[in-house]
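Here the sequence shown is numbered in the UniProt record's numbering, starting from 1 and rising by one per residue.
Just so you know, even glycine gets a beta-carbon here, dropped at the ideal spot from N, CA and C.
Computed from a predicted structure; not experimentally measured.
Data first, discussion second: the structure below is written as structure tokens.
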Amino acid sequence: MSVLVTGGAGYIGSHVVRLLQQRGTDVVVVDDLSNGRAERVGDAPVVEVDLGTDAAAPALAAAFAEHDVEAVIHFAARKQVGESVAQPARYWSQNVGGMANLLQAMETAGVGRLVFSSSAATYGAPSTAVVREDGPAEPINPYGQTKLVGEWMSRAAGVAWGLRTANLRYFNVAGAGWDDLGDSAVMNLIPIVFSALDAGQAPAVFGDDYPTPDGTCIRDYVHVLDLAQAHLAALDHLGTDERPFDTFNVGTGTGASVLEVLAEVRAVTGVDVDPVVHARRPGDPPQLIADVERITSTLGWSATKSLHDIVTSAWEAWRR
């Protein structure tokens, strides 16, 4: 039997694929290769299809049958907050439509385990410094809304036909587990800063007037390899736990501001990092830090890597 990984040729997905391969699990990847690269997944077969299109259902049905799929890890989605504010219909079509196509195919094929790539964006702008899974989920941008709807959809599938789902609400993912799997999309803070440094430009900081100690946004940065290990722990948990639905924060339980991240970049690279401050981006909450008690006590998982580890590994992969 095998595990099907949607978006498996992307940044996070490829780390999970490699860990699965290292422990001897057969893997099949579904990816439209808009951001992913097939060479990231080794000898895993790649089904090239966009889950948000009509072609998804027959492609998934064929993959489930050919590879005897027993579980799915679902990454494939649009993921940029600002873009979602500018193009909400695209996000609903891709993220929610893709989830619907996947769940329908899983039901038809009798595939009953799902690890879903959710997001801390489901919390919106919380009133507490640290957020728990049972706290209010009030997303303030279309990206977060589509992730929350994805959680609702998996819960409904559990009621309707017995799907068991672990929703992993990621906080800010960065770093590299291997030099060839670095984040090259230049969509997240650290690669954006590296790209600016390469171009001899000052990195941009969006807003320095937030209600935080230094005025910049605070986020919980988790190393991508720690995050990938959390997916394997969640997948194994679904194999032994009969509950239809659970949700876990994946973070470190500590936060760093944008300026603190830039200071770490300066320490690691030796390059002067003087940012240019721009206006706030729409949809950005002041701070998001994970309460990680549930994932630690239930899955036995906890983050092992520091912000220094994150920036160092990201820089080494970037230079490669």
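Sequence-distant residues of the same chain with beta carbon closer than 6 Å to Ala196, five excluded per side: Pro203
How would you write the range of the alpha helix (DSSP H) that residue 323 sits in, first residue to last? In the structure displayed, the chain extends from 1 to 320; residue 323 sits before or after that span and is not available.
Proximity below 8 Å, CB of Ile12 to CB of Leu227: The Cβ-Cβ distance between Ile12 and Leu227 falls below 8 Å.
Counting pairs of Cβ atoms below 8 Å between the stretch 246 to 258 and the stretch 298 to 313, do you hit three or more? yes
Might you give, ordered along the chain, the residues of its own chain that have their beta carbon closer than 6 Å to the beta carbon of Ala120, omitting 5 neighbours on each side? Arg169, Phe171 and Leu288
Once DSSP output is grouped into helix, strand and coil, what is the label at Ile218? Ile218 falls in the strand class under three-state DSSP.
Assuming Val115 contacts Gly150 (C-beta within less than 8 Å), just tell me the rounded distance between them. With a Cβ gap of about 12 Å, Val115 and Gly150 do not count as contacting.
Coil, strand or helix - Ala314 by DSSP: If DSSP states are grouped into helix, strand and coil, Ala314 belongs with the helices.
On the three-pair Cβ rule with 8 Å, is the stretch 232 to 243 touching the stretch 270 to 285? When Cβ pairs closer than 8 Å are counted between the two stretches, the stretch 232 to 243 is seen not to touch the stretch 270 to 285, the count staying below three.
Which whole runs of the beta strand (DSSP E) in the stretch 103 to 150 are 3 residues long or more, in chain order? 113 to 119
Beta-carbon separation of Val131 and Tyr123 under 8 Å? Yes. Within cutoff.
Go ahead and pull the three-state DSSP assignment for Thr252. coil
For Ile73: DSSP bridge partner residues: Val5 and Val115, per the DSSP bridge assignment.
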